[in-house]
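In the UniProt record's numbering, the protein residues as written are 1 to 181.
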């Protein structure tokens with residue numbers, strides 16, 4: 001962590017944090033919020049958002065909401081807390097590895113919160129022009145989440161304040177034009 005990077009932990013949980021890096025010599029052309037979760041679509045969405053923000057000259061705000069997918073299956077294991085902490089830390093480290101090369105201003109927030117609502121809260125806070133998340137997974141569980149509007153993508157698609165980019169696991173930002181073109 002360099003001298004410009006700041007970290008603060010919420011008092012109620014050692015897993016929640018807010019990290020940021022300000023590179024004030026670069027003008028900010030807007031703000032992009034990206035959701036981070038487990039799985040290939042989320043990883044690719046983070047890479048896409050990073051590339052997209054760099055091309056647009058925008059600040060990037062990564063949001064990871066701790067949910068059941070971060071939790072180990074064996075809840076009665078004596079190693080449960082360690083494995084839970086390792087899973088959340090691995091998500092943070094994955095995001096920081098990608099953000100390390102990002103040329104603009106960025107934040108990373110990890111909270112215990114409802115993902116769709118917290119993504120919108122961060123978008124409101126920074127005045128984002130778009131929210132980027134991974135596309136819904138295929139299968140019965142994902143279809144049920146969409147049907148009952150419990151999935152993050154379904155809940156965000158129903159709001160009318162921010163553009164929403166759903167990035168499939170196979171799409172890259174390489175073909176997206178730069179702001180100057």
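For glycine and all other residues, C-beta sits at the position ideal for the given N, C-alpha and C. Treat the numbers as computed from the prediction; the structure is a model and nothing was measured.
Considering residue 80, what are the terminal residues of the alpha helix (DSSP H) in which it resides? If you number the chain shown from 1, residue 80 lands on position 80. Unbroken alpha helix (DSSP H) run through residue 80: 80 to 99.
Measure the Cβ-Cβ separation of residue 123 and residue 65 and say whether it is below 8 Å. Against the chain shown, residue 123 aligns to sequence position 123. Against the chain shown, residue 65 aligns to sequence position 65. Residue 65 is positioned such that its CB atom lies no closer than 8 Å to that of residue 123.
Does the Cβ of residue 89 have 16 or more other Cβ atoms within 10 Å, making it buried, or fewer, making it exposed? What you label residue 89 is simply residue 89 of the chain shown in a count that begins at 1. Within a 10 Å sphere around the beta-carbon of residue 89 sit fewer than 16 other beta-carbons, which makes this residue exposed.
Among 32, 164, 38, 170, which has the Cα closest to the Cα of residue 128? The residue you call residue 128 lines up with position 128 of the chain shown. Taking the Cα of residue 128 as reference, the smallest distance to any Cα among 32, 164, 38, 170 is reached at 32.
Can you tell me the Cβ-Cβ gap for residue 48 and residue 132, rounded? I've got them flagged as a contact below 8 Å. As a position in the chain shown, residue 48 is number 48, starting the count at 1. As a position in the chain shown, residue 132 is number 132, starting the count at 1. Residue 48 to residue 132, Cβ: 6 Å. Contact.
Confirm, please, whether the CB-CB distance from residue 58 to residue 95 is below 8 Å. On the chain shown, residue 95 is found 95 positions in, with the first residue counted as 1. On the chain shown, residue 58 is found 58 positions in, with the first residue counted as 1. No, Cβ-Cβ distance for residue 95 and residue 58 is not below 8 Å.
Would you call residue 50 buried or exposed, if buried means 16 or more other Cβ atoms sit within 10 Å of its Cβ? On the chain shown, position 50 is the one that residue 50 refers to. In the assembly as shown, residue 50 is a buried residue. Its beta-carbon has 16 or more other beta-carbons within 10 Å.
Under a three-way DSSP split, which group does residue 45 fall into? Stepping through the chain shown from its first residue, residue 45 is reached at position 45. Under the three-state reduction of DSSP output, residue 45 falls in the helix class.
Pull up the DSSP beta-bridge partners for residue 152, would you. One-based indexing of the chain shown puts residue 152 at position 152. DSSP output for residue 152 lists no bridge partner at all.
Along the alpha helix (DSSP H) that carries residue 119, what are the first and last residues, could you check? Translated into the one-based positions of the chain shown, residue 119 becomes position 119. DSSP places residue 119 inside the alpha helix (DSSP H), whose first and last residues are 115 to 126.
Return helix, strand or coil for residue 51, following the three-state DSSP convention. Along the chain shown, read from residue 1 onward, the residue named residue 51 stands at position 51. Residue state, collapsed to three classes: helix.
Check whether the Cβ atoms of residue 134 and residue 98 sit closer than 8 Å, and answer yes or no. Taking the chain shown and counting its residues from 1, the one referred to as residue 134 is at position 134. Taking the chain shown and counting its residues from 1, the one referred to as residue 98 is at position 98. Against a cut-off of 8 Å, the Cβ pair of residue 98 and residue 134 comes out as no contact.
Report back the beta-carbon spacing between residue 108 and residue 19 to the nearest angstrom; my notes put them in contact at under 8 Å. Position 108 of the chain shown holds residue 108. Position 19 of the chain shown holds residue 19. Right, their Cβ atoms sit about 4 Å apart.
Tell me the DSSP bridge mates of residue 61? Stepping through the chain shown from its first residue, residue 61 is reached at position 61. Partner(s): 33, 107.
Out of 170, 160, 158, 136, state which residue places its alpha-carbon closest to the alpha-carbon of residue 35. Residue 35 sits at position 35 when you count from the first residue of the chain shown. Nearest of 170, 160, 158, 136 to residue 35, Cα basis: 136.
When DSSP labels each residue in this structure, what does residue 169 get in the three-state scheme? Position 169 of the chain shown, counted from the first residue, corresponds to residue 169. Residue 169 carries a coil assignment under DSSP once its states are collapsed to helix, strand and coil.
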